[in-house]
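In UniProt numbering, the protein residues as written are 1 to 140.
Data block below; observations after.
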């Protein structure tokens, strides 16, 4: 079983709900790590990392906390097993496509080239998909 870190930032609680469901699915393999506490040294202690951030502004990652943390890890993502998730309220999910491409360019081994996205509040289907993602990550 893989050790899974779930690192996220949430403004409205939607991405937090997704993170909690991923953690439920992963069970004992999961540890939720606030984005402010994640760094390259801590990243090395996990087999798999699920990063979650909602779309902000013009479909981008949250700029004050999440983006600086993620940028600081980019040199450590080569070969790392990574999943991306988040919620959005407008647009068509371009931020996730851009983020997936960025992670691939950093050398991350992505669980999914599309990430796991949710428009607005995670409904039962999205919550179930998050739990399945957690279980899949624990066994990856």
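Even glycine gets a Cβ: it sits at the ideal position worked out from N, Cα and C.
Quick caveat, the model's predicted, so the values are computed rather than measured.
Review point. What did DSSP end up calling residue 122 once you bin it into helix, strand or coil?
Key: Sequence index remark: in the chain shown, residue 122 carries index 122 (1-based). In the structure shown, residue 122 sits in coil (DSSP, three-state: anything other than H, G, I, E or B).
**Study point:** Nearest-angstrom Cβ-Cβ length linking residue 134 and residue 25, presumed shorter than 8 Å
**Key:** Walking along the chain shown from the start, residue 134 turns up at place 134. Walking along the chain shown from the start, residue 25 turns up at place 25. Going by Cβ atoms, the distance from residue 134 to residue 25 rounds to 3 Å, so yes, they are a contact pair.
Check your understanding: Are residue 32 and residue 85 touching if we call contact CB-CB under 8 Å?
Key -> Your numbering for residue 32 matches position 32 in the chain shown. Your numbering for residue 85 matches position 85 in the chain shown. No, these two residues do not count as a Cβ contact at 8 Å.
Review point. Where does residue 15 land, buried or exposed, given buried means 16+ other C-beta within 10 angstroms?
Key: The residue labelled residue 15 in the question sits at position 15 within the chain shown. Counting Cβ neighbours within 10 Å, residue 15 comes out buried, since at least 16 surround it.
Check your understanding: Looking at the structure shown, is residue 87 part of a helix, part of a strand, or coil, going by DSSP?
Key -> Residue mapping note: residue 87 aligns to position 87 of the chain shown, counting from 1. When DSSP states are grouped into helix, strand and coil, residue 87 belongs to the strand group.
Check your understanding: To the nearest whole angstrom, what separates the beta carbons of residue 60 and residue 82, a pair I think is in contact under 8 Å?
Key -> Counting from one through the chain shown, the residue named residue 60 turns up at place 60. Counting from one through the chain shown, the residue named residue 82 turns up at place 82. Their Cβ separation, rounded to whole angstroms, is 18 Å, which puts residue 60 and residue 82 out of contact at 8 Å.
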